[in-house]
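A.B. asks: Sharing a structure here in structure tokens format.
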Amino acid sequence: MTTITAPATTPSRVSSRTLLTCAAVASPLWAAVSLAQAFTREGFDLTRHPLSQLSTGDLGWLQITNFLVGGLLTIAGSFGLRRVLDSTWAPRLVLVNGVGMAAAGVFRMDPADGFPVGTPDGIPSTMSWHSVLHMVCGSIAFAVLIAACYVLGRMYSRAGNRRFAAASRVAGTAALLGNLWAMTGGAAGSLTLAVGVITAMLWISVVAVARAGAGWERIEG
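Under mature numbering (1 follows the signal peptide of the UniProt record, and there is no 0), residues -31 to -1, 1 to 190 are what the sequence shown spells out, in order.
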């Protein structure tokens, strides 16, 4: 009697290509879903309402899901970036950004300034606990995203890639200025915030695509 023994198997490791794909997809997906809602949901005005406000109302679950999916994809992508970049801090900052995004989905903003439809105009005098936590998580996510862009700029400078170094710094500066303008109550602050943050987010995706296309060689920096 012949005994057939099944070959031993070992747990498969998630490939770098898969993780980098997560990083590449996260930002365009989040931006597309957010902007599609911004232009179609009744009463939403991107010059007055931050994209996080889309988490409120009957259709708020769409943006909540968007934050959770985008955050999880960014977290996964950070591990791919850690494999292909010799920068210690850039992947860590991207990881924290992903955690902040997911947390911003868990803790939603309060209705405000006429959105959803039927909400009184103006900002509420008090915020709920989950709205406060949303603001904290969002602020952390923005801060580390900006830092990640500047760290990548330094890394690319050391590697001699001036084009990517400049683009990294431009993306980080766009997010920084967008945040500062919104914080100071500048005209159309929510719009400038959205433009700046989405620019920085998309740059992280570009870096992931570039590293995947380069065969995952590590960059010294």
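A virtual CB, placed ideally from N, CA and C, is assigned to each residue, including glycine.
Just so it is clear, the structure is predicted and the values come from calculations on it, not from any experiment.
Where does Leu54 fall in DSSP's three states?
C.D. replies: Correct three-state label for Leu54: strand.
A.B. asks: Using three-state DSSP, classify Gln32 as helix, strand or coil.
C.D. replies: In this structure, Gln32 counts as helix in the three-state DSSP scheme.
A.B. asks: On the CB-based measure, 16 or more other CB atoms within 10 Å of its CB, does Pro93 come out buried or exposed?
C.D. replies: The residue in question, Pro93, is exposed, as its Cβ has fewer than 16 Cβ neighbours within 10 Å.
A.B. asks: Would you kindly work out how many angstroms separate the C-alpha atoms of Leu28 and Arg131, rounded to a whole number?
C.D. replies: Near 44 Å, if we compare the C-alpha coordinates of Arg131 and Leu28.
A.B. asks: How is the alpha helix (DSSP H) around Thr161 delimited, first residue to last?
C.D. replies: Run containing Thr161: Gly158 to Gly182, per the alpha helix (DSSP H) assignment.
A.B. asks: Under a Cβ-count criterion, where at least 16 other Cβ atoms within 10 Å of its own Cβ denotes burial, should Ser(-17) be classed as buried or exposed?
C.D. replies: Counting Cβ neighbours within 10 Å, Ser(-17) comes out exposed, since fewer than 16 surround it.
A.B. asks: Taking three-plus beta-carbon pairs below 8 Å as touching, is the region 152 to 163 in contact with the region 94 to 106?
C.D. replies: Output reads no: the region 94 to 106 does not touch the region 152 to 163.
A.B. asks: Since Asn148 is in the alpha helix (DSSP H), which residue starts that stretch and which ends it?
C.D. replies: First-last of the alpha helix (DSSP H) with Asn148: Arg131 to Met152.
A.B. asks: Report all residues from its chain with a CB closer than 8 Å to the CB of Leu(-12); omit the five preceding and five following residues, and keep chain order.
C.D. replies: Answer for Leu(-12): Gly46, Gly49, Leu50, Val53, Ala177, Val178, Arg180, Ala181 and Trp185, listed in chain order.
A.B. asks: Considering only C-alpha positions, which residue in the set Asn66, His99, Leu121 and Val175 is nearest to Arg77?
C.D. replies: Among Asn66, His99, Leu121 and Val175, the Cα nearest to that of Arg77 belongs to His99.
A.B. asks: Here's the rule: buried if 16 or more other CB atoms are within 10 angstroms of the residue's CB, otherwise exposed. What is Pro89?
C.D. replies: So Pro89 counts as exposed.
A.B. asks: Please classify Phe84 as buried or exposed, where buried requires at least 16 other C-beta atoms within 10 Å of its C-beta.
C.D. replies: Looking at its Cβ environment, which holds 16 or more other Cβ atoms inside 10 Å, Phe84 is buried.
A.B. asks: Kindly give me the distance between the Cβ atoms of Leu23 and Arg10, rounded to whole angstroms, as I take these residues to be in contact under 8 Å.
C.D. replies: 7 Å between Cβ atoms; contact.
A.B. asks: One question on the structure: do Ala169 and Gly141 come within less than 8 Å of each other, judged by their Cβ atoms?
C.D. replies: Cβ atoms of Ala169 and Gly141: closer than 8 Å.
A.B. asks: Residues in the same chain with beta-carbon distance under 7 Å from Thr(-14), minus the five sequence neighbours each way, listed in chain order, please.
C.D. replies: Cβ neighbours of Thr(-14) beyond the five flanking positions: none.
A.B. asks: Helix, strand or coil for Ala(-6), going by three-state DSSP, please let me know.
C.D. replies: Three-state DSSP puts Ala(-6) in a helix.
A.B. asks: Do you know offhand how far Ser128's Cα is from Trp58's?
C.D. replies: It is worth fixing the name first, because residue 128 is Ala in this sequence and not Ser. Approximately 16 Å between the Cα atoms of the pair.
A.B. asks: Does DSSP classify Phe13 as helix, strand or coil?
C.D. replies: DSSP places Phe13 in coil when its eight states are reduced to three.
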